[in-house]
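Asker: Quick one: this structure, given as structure tokens, is what I'll be asking you about.
Number of protein chains: 2
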Amino acid sequence: MTRPGRLHLNAFLMSVGHHEASWRLPESDPYADLDVEHFKNLARIAERGRLDSLFLADGPVLWDQVGRRPSGVLEPTVLLTALAGATRHIGLIATASTTYNEPYNLARRFASLDIVSGGRAGWNIVTTAGLDAARNFNLDALPAHRERYERAAEFVDVSLKLWDSWDDDVIVADKETGVWGDDTRIYPPAHRGHYYSVAGALNVPRSAQGHPVLVQAGSSENGRNFAARYAEAVFTAHQTLADAQEFYDDLKRRTLEAGRDPDHIKILPGIVPIIGRTVAEAREREAELERLIRPEYALAQLAGLIGVDPSELSLDEPLPANLPDEEQIEGAKSRRTLVVNLGRRENLTVRELIGRLGGGRGHLTFTGTAVQVADEIEHWYTHGAADGFNIMAPVLPSGLEAFVDQVVPILQERGRFRTEYTGRTLREHYGLPRPANRNTAAGTPVHSEEGALTR
Amino acid sequence: MTRPGRLHLNAFLMSVGHHEASWRLPESDPYADLDVEHFKNLARIAERGRLDSLFLADGPVLWDQVGRRPSGVLEPTVLLTALAGATRHIGLIATASTTYNEPYNLARRFASLDIVSGGRAGWNIVTTAGLDAARNFNLDALPAHRERYERAAEFVDVSLKLWDSWDDDVIVADKETGVWGDDTRIYPPAHRGHYYSVAGALNVPRSAQGHPVLVQAGSSENGRNFAARYAEAVFTAHQTLADAQEFYDDLKRRTLEAGRDPDHIKILPGIVPIIGRTVAEAREREAELERLIRPEYALAQLAGLIGVDPSELSLDEPLPANLPDEEQIEGAKSRRTLVVNLGRRENLTVRELIGRLGGGRGHLTFTGTAVQVADEIEHWYTHGAADGFNIMAPVLPSGLEAFVDQVVPILQERGRFRTEYTGRTLREHYGLPRPANRNTAAGTPVHSEEGALTR
């Protein structure tokens with residue numbers, strides 16, 4: 001099968017690497033999770049590789065792993081604003097919760113990041129699983145999965161109204177007459193919904209790219225329907241090409257059914273590339289990282305993910321036969337299924353499963369040479385399993401440097417990846433259209449692509 | 001009267017200046033309110049002058065003035081993060097509302113800004129007056145003044161618990177044993193109060209300065225009591241030395257009665273300095289700005305401030321005899337009284353009052369030479385009316401440049417202002433102590449001034 005065109009690459013940044021034991025390597029700075037210079041360095045490396053974007057995960061909670069790994073998480077819109085100043089081209093995608101924010105505040109913060117970065121912002125929309133997070137926000141119980149997604153849909157609807165509450169050409173800046181803006185081109189949302197009432201317009205104009213790119217990462221039934229309706233890029237986790245193809249086809253179909261162009265949703269599975277000059281060198285790196293895992297911590301996390309008590313798991317036994325099914329999980333439903341299937345399919349002991357999960361928490365770990373990593377990426381792309389990849393370097397910065405300096409040039413030589421940025425905004429990097437303003441789209445377009453802010 | 005020591009100076013940044021007509025001057029960029037480079041330039045000018053801090057006001061609402069003046073307001077924690085990267089020393093104070101945020105999110109965002117900036121963050125705590133803001137957050141009515149302040153007090157209590165939820169020496173980073181942090185030194189707030197329940201610890205450690213400096217700007221009875229209990233710096237507005245002295249004495253007394261050291265609350269009245277090489281030049285600048293005001297807009301704003309319908313005001317008449325008193329105002333109570341008293345004391349017509357308010361919305365406008373501005377500042381300082389000033393340049397950047405290049409050197413020559421930064425954090429600039437962690441303060445101090453993050 002051949003498929004023309006170029007793929008998209010996102011750098012998923014996390015502390016000193018996605019592998020939970022990466023901080024224990026001699027090369028790693030264990031304070032880097034709180035060091036903005038570390039992240040600026042990573043952003044510059046990713047931009048050197050002409051990557052589409054970088055991405056930060058997030059949750060408003062301190063996970064129970066302070067003993068185990070670096071646990072400081074700077075708030076992503078703050079951190080990405082700092083990275084905007086250290087870069088010129090790369091997109092900046094922050095995770096934020098629809099369950100624990102107010103639409104006016106969050107839409108405004110993303111609009112501000114979008115303007116400060118010159119149209120490079122993206123929002124990874126999450127509903128935030130976990131009772132611990134709920135308990136930080138006046139709740140004694142986690143809202144149900146379905147309710148969280150209903151709330152998310154209304155939250156995004158309100159955000160879109162807010163981002164379109166200024167037409168592109170509000171600002172007239174007529175010093176002579178003393179008229180700064182044309183307030184007939186301000187459209188207050190006047191939204192009164194089930195979860196939210198938001199009357200007034202945003203106090204930030206439309207950005208160079210119209211509004212931030214909407215990103216989503218849930219793969220449950222609710223998550224897929226939500227993505228089909230709203231998402232412009234999707235992060236997802238698959239262990240096999242066949243699973244990825246099934247997901248890809250399913251989500252493109254749902255997007256079409258939702259009345260959208262399937263090409264306007266970019267599907268990016270995660271990959272943890274462990275790169276060596278030889279296969280043996282890569283395997284030794286992988287083994288070195290596995291040896292540094294403390295299994296007693298990892299076991300507790302695995303137990304939580306699949307919904308059992310840690311005492312029910314034994315390190316040198318396979319997973320128990322009877323496990324709660326996806327329906328009983330209120331958290332990351334699809335991730336639970338992926339992990340259980342991985343353990344069962346390969347008949348792994350709990351210890352082996354922990355080793356496999358240590359690098360990517362369920363994402364595909366691929367260990368090999370740069371050519372093999374490039375081959376795998378291209379293979380998934382040409383075989384309809386991905387529009388690109390979410391690169392989760394096991395160790396940072398070295399793993400991202402290896403990817404950018406060794407894998408990217410191969411993809412560029414093959415014509416599969418850009419050699420220079422041709423676009424200006426995140427939307428342009430991903431080949432996504434600048435959305436028309438929903439308040440004026442019915443009539444004649446009244447503004448150019450350039451928008452009011454670029455003059 | 002003589003008073004030794006040095007005063008403190010904050011640069012209050014706003015678009016292209018505090019004078020509402022400043023954007024109409026030939027020198028002004030009317031798009032600058034949305035241009036991060038404009039603000040970086042202002043921050044560098046303020047830092048060149050060795051100012052303690054810069055400050056951004058805020059409200060989650062589009063004010064009804066798009067026609068009148070630049071109305072885009074980038075979210076302050078985002079904008080200040082961008083400015084943190086453009087500066088090294090100056091403090092960064094953002095306004096945020098306790099009425100329309102969640103403590104976990106806001107405390108975390110300020111902690112993140114504090115870490116990204118190396119301990120330079122401050123939070124101007126506001127309760128956000130105005131029905132328009134309430135209607136952006138699911139409400140049909142503004143919560144009462146008293147309720148907003150009760151909520152604010154609990155909000156700050158929770159924030160302090162969150163900022164102290166990591167001891168300074170949590171991070172041990174022991175690669176050998178694989179222990180990153182000492183989770184016995186994590187103190188979850190477990191807060192269950194009237195307005196908020198927040199169970200878990202923050203996912204951001206304590207900063208170099210312990211926690212952001214707490215700033216407050218309300219001068220009502222509720223506002224003064226709140227400031228006495230929490231504030232470390234206070235922005236205030238006075239038209240006369242006598243009023244400022246009364247406020248200064250009152251707030252220092254209340255702070256003492258609240259069990260705090262009165263020297264640990266710095267009182268900074270606002271001043272709009274209109275600076276010329278001669279008095280005549282300064283007066284001409286002032287007149288030029290007044291001529292550019294559109295009175296029909298300003299009249300509507302004045303009416304709102306004092307609680308009457310615009311039709312009750314005539315441009316060439318004094319204020320009406322019967323006006324709602326402070327008790328009937330749910331918004332900026334003390335500002336209403338200040339404006340009414342100014343109009344009555346000087347028997348101003350509405351047009352004249354609008355001219356006087358155009359520059360500083362009730363703050364003191366001082367028109368003169370650099371020496372006269374320095375004299376006025378020093379006079380208020382030595383006569384117990386201020387610990388320093390909140391500098392509200394009428395036009396930006398030129399008004400801040402004039403202050404920094406002409407007034408600051410005079411204050412430095414007189415020994416009234418620093419010539420170099422000697423501290424590293426905002427707290428150190430203001431001579432405020434680094435707070436002990438409330439969870440460990442009863443015992444022996446377990447950490448040095450340097451904290452865990454500085455290594």
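These protein sequences, in sequence, are chains A and B.
For the first sequence, full-length UniProt numbering begins at 1 and goes up steadily by one.
For the second sequence, full-length UniProt numbering begins at 1 and goes up steadily by one.
All C-beta atoms in this analysis are idealised placements derived from N, C-alpha and C, irrespective of residue type, glycine included.
1. What separation, rounded to the nearest whole angstrom, lies between the Cα atoms of A/G443 and A/Y230?
2. Which word fits A/L7, buried or exposed, when buried means at least 16 other C-beta atoms lie within 10 angstroms of its C-beta?
3. Mind checking the segment 190 to 201 of chain B against chain A and listing, in chain order, the residues whose C-beta falls within less than 7 Å of any C-beta there?
4. Measuring only the C-alpha atoms, how far is A/P60 from A/L302?
5. By a C-beta neighbour count over all protein chains shown, 10 Å radius and 16 as the cutoff for buried, is B/V279 buried or exposed?
6. Within 10 angstroms of its Cβ, does A/Q328 collect 16 or more other Cβ (buried), or is it exposed?
7. Assuming B/N124 and B/Q216 make a contact with CB atoms under 8 Å, what is their CB distance in whole Å?
8. When the Cβ atoms of the segment 315 to 327 of chain A are set against those of the segment 280 to 294 of chain A, are three or more pairs found closer than 8 Å?
9. Once you ignore the five residues that flank B/D33 on each side, which residues in its own chain have a CB closer than 6 Å to its CB?
10. Listing by chain order, which chain A residues have their CB less than 7 Å from the CB of B/R24?
11. Since B/P269 sits in a beta bridge, which residues does DSSP pair it with?
12. Rounded to whole angstroms, what's the CA-CA distance from A/A441 to A/G200? Just pull it up for me.
13. Do you know how far the Cα of A/G85 is from the Cα of A/G388?
14. Please return the same chain residues whose Cβ sits closer than 6 Å to the Cβ of A/A121, not counting the five positions on each side in sequence.
15. Does any CB atom of chain A fall closer than 8 Å to the CB of B/I271?
16. Taking contact to mean at least 3 C-beta pairs separated by less than 8 Å, is the segment 223 to 238 of chain A in contact with the segment 182 to 201 of chain A?
17. Considering A/L9, what are the terminal residues of the beta strand (DSSP E) in which it resides?
18. Nearest-angstrom Cα distance between B/L305 and B/A133?
19. Is the CB-CB distance between B/A43 and B/I90 below 8 Å?
20. For B/P143, which option in B/E154, B/N437 and B/T127 has the closest C-alpha, if you only look at C-alpha atoms?
21. Note down, in chain order, each residue of its chain lying with its Cβ closer than 6 Å to the Cβ of B/H429, except the 5 sequence neighbours on either side.
22. Note down, in chain order, every chain E residue with its Cβ under 8 Å from the Cβ of A/I186.
23. How many Å lie between A/P262 and A/R416 at the Cα?
24. Output the distance between the C-alpha atoms of A/R224 and A/Y248, rounded to the nearest integer angstrom.
25. Return the Cβ separation of B/V340 and B/L315 in integer angstroms, given the expectation that the two are a contact with Cβ distance under 8 Å.
26. Given a cut-off of 8 Å on the beta-carbon distance, is the pair A/L162 and A/P103 in contact?
27. Which residues mark the beginning and the end of the alpha helix (DSSP H) in which B/V170 is found?
28. Could you check the C-alpha separation between B/Q65 and B/R192 for me, to the nearest Å?
29. Helix, strand or coil for A/I115, going by three-state DSSP, please let me know.
30. List, in order along the chain, the chain B residues whose C-beta lies closer than 7 Å to that of A/L74?
31. Check whether the Cβ of A/N105 lies closer than 8 Å to any Cβ atom in chain B.
32. Helix or strand or just coil, what does DSSP make of B/I93?
33. Which residues does DSSP pair with B/Q216 in a beta bridge?
34. Which one of B/V78, B/A46 and B/E221 has the shortest CA to CA distance from B/D58?
35. List, from N- to C-terminal side, the beta strand (DSSP E) runs of 3 residues or more that fit wholly inside the segment 13 to 70 of chain A.
36. Using the C-alpha atoms, what's the distance from B/N10 back to B/A287?
Answerer: Reading it off the structure:
1. At A/G443 the pLDDT is 44, less than 50, meaning the model places this residue with poor confidence and gives no usable figure here.
2. Per the 10 Å Cβ criterion, buried.
3. The residues in question are Y196, S197, V198, A199, G200 and A201.
4. Annotation: A/P60 to A/L302 spans about 21 Å, alpha carbon to alpha carbon.
5. It is exposed - the Cβ of B/V279 has fewer than 16 other Cβ atoms within 10 Å.
6. Its Cβ having fewer than 16 others within 10 Å, A/Q328 is exposed.
7. That belief holds up - the Cβ atoms of B/N124 and B/Q216 are roughly 7 Å apart, short of 8 Å.
8. No: fewer than three Cβ pairs fall under 8 Å.
9. The residues S15, P70 and G72, in chain order, have a CB closer than 6 Å to that of B/D33 in the same chain once the five nearest residues on each side in sequence are set aside.
10. Neighbours of B/R24 on chain A, chain order: K175 and G178.
11. According to DSSP, residue pairing for B/P269 in a beta bridge involves B/T236.
12. A/A441 and A/G200 have their C-alpha atoms roughly 20 Å apart.
13. Distance between the alpha carbons of A/G388 and A/G85 is about 26 Å.
14. Closer than 6 Å at Cβ, skipping near neighbours: L92, F110, L113, D114 and P212.
15. With 8 Å as the cut-off, B/I271 does not count as an interface residue toward chain A.
16. Judged by Cβ distances under 8 Å, the segment 223 to 238 of chain A makes no contact with the segment 182 to 201 of chain A, as fewer than three pairs qualify.
17. For A/L9, the enclosing beta strand (DSSP E) covers residues H8 to L13.
18. Straight-line Cα distance between these residues: approximately 15 Å.
19. The answer is yes: Cβ separation under 8 Å.
20. Of the candidates B/E154, B/N437 and B/T127, the one whose C-alpha sits nearest the C-alpha of B/P143 is B/T127.
21. For B/H429, where only same-chain residues beyond five positions count, the Cβ hits under 6 Å are D52, G91 and G423.
22. Structure shown: chain E not included; protein chains present are A and B.
23. Going from the Cα of A/P262 to the Cα of A/R416 covers about 20 Å.
24. Cα to Cα, the separation comes out at about 11 Å.
25. About 17 Å; that fails the 8 Å criterion.
26. Cβ atoms of A/L162 and A/P103: closer than 8 Å.
27. First-last for B/V170: undefined, no H or E at that position.
28. Those two C-alpha atoms are separated by around 41 Å.
29. Helix, per DSSP.
30. Residues of chain B with a Cβ closer than 7 Å to the Cβ of A/L74 are, in chain order, S112, I115, V116 and V204.
31. Yes, A/N105 lies at the interface with chain B (some Cβ there is under 8 Å from its Cβ).
32. Here B/I93 sits in strand by DSSP.
33. According to DSSP, residue pairing for B/Q216 in a beta bridge involves B/I125 and B/V234.
34. Residue nearest to B/D58 within the set B/V78, B/A46 and B/E221 is B/V78 (criterion: CA-CA distance).
35. If we require 3 residues or more, the beta strand (DSSP E) runs fully inside the segment 13 to 70 of chain A come out as 53 to 56.
36. Approximately 26 Å between the Cα atoms of the pair.
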